[in-house]
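The structure appears below as structure tokens.
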Amino acid sequence: MNWAFLQGLLSGVNKYSTAFGRVWLSIVFLFRVMVFVVAAEKVWGDEQKDFKCNTAQPGCHNVCYDHFFPVSHVRLWALQLIFVTCPSLLVVMHVAYRDDRERKHRLKYGENCRTLYLNTGKKRGGLWWTYVLTLVFKIGVDTTFVYLLYHIYEGYDFPSLIKCEEKPCPNKVDCFIARPTEKRIFTIFMVVTSLACILLSIFEIVYLIGKRCRECFVSVHKSRHVMTNTMSSGSTLMDSNRLKVHPGKGTPDTPAPSYRLVIS
Amino acid sequence: MSWPVLYAQLVGANRHSTSLGKVWLSVLFIFRVMVLVVAAESVWGDEQSDFTCNTLQPGCENVCYDQFFPVSHIRLWCLQLVFVSTPTLLVAMYVSYRNHSDKKRLLQSSGRAGLLSNKGQEEDLETLKKRRLPVAGALWWTYACSLVFRLLFEGGFMYALYVVYDGFQMPRLVQCDQWPCPNLVDCFISRPTEKTIFTVFMATASSICMVLNMAELSYLVAKAVTR
Chain A
1 MNWAFLQGLL
11 SGVNKYSTAF
21 GRVWLSIVFL
31 FRVMVFVVAA
41 EKVWGDEQKD
51 FKCNTAQPGC
61 HNVCYDHFFP
71 VSHVRLWALQ
81 LIFVTCPSLL
91 VVMHVAYRDD
101 RERKHRLKYG
111 ENCRTLYLNT
121 GKKRGGLWWT
131 YVLTLVFKIG
141 VDTTFVYLLY
151 HIYEGYDFPS
161 LIKCEEKPCP
171 NKVDCFIARP
181 TEKRIFTIFM
191 VVTSLACILL
201 SIFEIVYLIG
211 KRCRECFVSV
221 HKSRHVMTNT
231 MSSGSTLMDS
241 NRLKVHPGKG
251 TPDTPAPSYR
261 LVIS
Chain B
1 MSWPVLYAQL
11 VGANRHSTSL
21 GKVWLSVLFI
31 FRVMVLVVAA
41 ESVWGDEQSD
51 FTCNTLQPGC
61 ENVCYDQFFP
71 VSHIRLWCLQ
81 LVFVSTPTLL
91 VAMYVSYRNH
101 SDKKRLLQSS
111 GRAGLLSNKG
121 QEEDLETLKK
131 RRLPVAGALW
141 WTYACSLVFR
151 LLFEGGFMYA
161 LYVVYDGFQM
171 PRLVQCDQWP
181 CPNLVDCFIS
191 RPTEKTIFTV
201 FMATASSICM
211 VLNMAELSYL
221 VAKAVTR
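Protein sequences appear in the order of chains A and B.
In case it helps, my numbering puts the first sequence at residues 1 to 264.
In case it helps, my numbering puts the second sequence at residues 1 to 227.
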């Protein structure tokens, strides 16, 4: 159970994402997960062992380390990456639920009945809202963790020396962090990639809302045009309804895979 | 034997679960097993080596560590995850037994009739293997029992963790006067805040799983009653 498992779970998500979503997923797995696993974990590997305090008092070192590092950066990033990638699975689950509903409908009414969805994978109706909500959730998670990191560590800086006077330290003790410059570089890198992901998600939301508004506007404009034509030419109401085609409708693509396939 | 093997077993049994069961499996593996492997295990990695006591007495640290950490959190969580996953295998075993007896019945009936061709028989066997059994009758009882066992195991392990460690918080300092420590000795735990955060996280994930299981059980009971 490692990051490859998560990557396997999310590999099916790209089918239902926009171009922004695919770029976002690549950024997350290349620049965040890979850098995290290959580099960041090693930089923080010896963080407690090489955290040295200028005292021989037993326990002072433990207590000072705990005071200045309540949660390690690597654990925060691991949790952030898990929480930020999971909402995409909601989209996959929604598509699987649609497929299941379609299958049950077909079993009930026979093979030649009217389908419930033209294309279960197309972002229309409930699936559009699920997708937008997952984007909002991803932005929320990334923002929360970036803020948490800033709040807990009072900025993204790593001082080489910190002063500690927690009990049982006998007085104000000098403590030295291991590899502060390298940690600072990786912290800034992870924060910048998080901000890039937040920006991409915001662009994606704006794009989706803009596209939806444009489609609504175009269909309203078309129906108004048809109505004026109907009034002037005297054709039946049924004709105008037939012409009120929702843009983007097409022949159904290959059906989405079942939930089992997706998570296996 | 490792987590991917367990995952493969559970995914197979998942086909016959309700939607809530599928959500439960995702929550279990993403928010509990993955967090355990990727984050929690490294937090507890140095728990004994960085457990420091204010004494030079040899053996005192070992004895104090053993008194305050009879079972490590990580081991308790691994055991909890294994026990909680096991009832699902009950369902898998029942489905396998049903498939086996149906297959035997099919082969017997085709042998007696002597009408079905080889190909027809193979197709029937394939559909038998690939079908999804409805959750009714004996499968309903097996599934409901597995949910009850899951709830019991989750509750049991959470309670055990709470009792062994006197709550979900890890103190910074513990005082120990076990032999051979010469007097009441101060011992300092490594990374107590981080450990508290992860203990609370795992307890929350466990509670969410319990809520999901209870919802699933209520759904099954309601479905049976309406039927």
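We put the beta carbon where it would ideally sit given N, CA and C, even for glycine.
By the neighbour-count criterion, in which a residue is buried when 16 or more other Cβ atoms sit within 10 angstroms of its Cβ, Cys113/A is exposed. The three-state reading of DSSP puts Phe83/A in helix, counting H, G and I together.
Contact between Ser146/B and Val82/B is ruled out by a C-beta separation of about 15 angstroms, above the 8 angstroms threshold.
A direct Cα-to-Cα measurement between Leu217/B and Gln48/A gives close to 45 angstroms.
Legend: CB atoms of the region 190 to 210 of chain B lying less than 7 angstroms from CB atoms of chain A belong to residues Ser190, Arg191, Pro192, Thr193, Glu194 and Ile197. Here Ile185/A carries a helix assignment [DSSP, helix/strand/coil]. Val38/A sits in a helix when the DSSP states are folded into three classes. Of Ala4/A, Glu182/A and Val71/A, the smallest CA-CA separation from Tyr150/A is found for Val71/A. Nearest neighbour of Gly137/B by Cα position, chosen from Ser109/B, Val95/B, Val148/B and Leu161/B, turns out to be Val95/B. Residues are counted here when their Cβ sits less than 7 angstroms from a Cβ of chain B; for the region 37 to 50 of chain A these are Gln48, given in chain order.
DSSP, read as helix, strand or coil, puts Phe51/A in coil. With fewer than 16 other Cβ atoms inside 10 Å of its own Cβ, Glu111/A counts as exposed.
Between Glu154/A and Val43/A, the gap from beta carbon to beta carbon reaches 8 angstroms or more.
Here Phe217/A is exposed: its Cβ has fewer than 16 other Cβ atoms, across all protein chains shown, within 10 Å. DSSP, read as helix, strand or coil, puts Leu184/B in coil.
At a cut-off of 8 angstroms between beta-carbon atoms, Met93/B makes no contact with chain A. Non-local C-beta neighbours of Asn14/A in its own chain, meaning closer than 8 angstroms and more than five positions away in sequence, comprise Gly21, Arg22 and Leu25, ordered along the chain.
With a beta-carbon spacing of about 6 angstroms, Leu10/A and Thr85/A fall inside the 8 angstroms limit used to define contacts. The C-alpha of Gln80/A lies about 7 angstroms from the C-alpha of Asp142/A. Membership of Val28/A in any alpha helix (DSSP H) is not indicated, and neither H nor E is assigned to it by DSSP. Distance from the Cα of Ser17/A is smallest, within the candidate group Pro87/A, His105/A and Phe69/A, for Pro87/A. Of the other Cβ atoms in all chains shown, 16 or more fall within 10 Å of the Cβ of Ala78/A; this residue is therefore buried. Using a CB distance below 9 angstroms, the part of the region 47 to 71 of chain A facing chain B consists of Gln48, Lys49, Gln57, Pro58, Gly59, Cys60, His61, Asn62, Val63, Tyr65, Asp66, His67, Phe69, Pro70 and Val71, ordered along the chain. Where Lys163/A is concerned, the enclosing beta strand (DSSP E) starts and stops at Leu161 to Cys164. By DSSP's assignment, Phe176/A forms a beta bridge with Lys52/A and Leu161/A. Looking at the DSSP output, Val174/B shares a beta bridge with Cys187/B.
Residues of chain A with a Cβ closer than 9 angstroms to the Cβ of Ser26/B are, in chain order, Leu9, Cys86, Leu89, Met93 and Ile263. With the criterion set as a beta carbon lying under 7 angstroms from some beta carbon of chain A, the members of the region 51 to 75 of chain B are Thr52, Cys53 and Asn54, in sequence order.
Bounds of the alpha helix (DSSP H) holding Cys64/A are Cys60 to Phe68. Bridge partners of Thr52/B according to DSSP: Phe188/B. Within the model, the alpha-carbon separation for His100/B versus Leu106/B is close to 10 angstroms. Here the alpha carbons of Phe189/A and Val163/B stand approximately 42 angstroms from one another. Within chain A, the residues whose beta carbon sits less than 7 angstroms from that of Ala39/B are Arg75, Ala78 and Leu79, listed in sequence order.
Within the same chain, Cβ atoms closer than 7 angstroms to the Cβ of Leu10/B are found at Leu25, Ser85 and Thr88, the five residues on either side in sequence being excluded.
Contact check between the region 192 to 201 of chain A and the region 159 to 172 of chain A: fewer than three CB pairs, one atom from each, fall below 8 angstroms, which does not count as touching.
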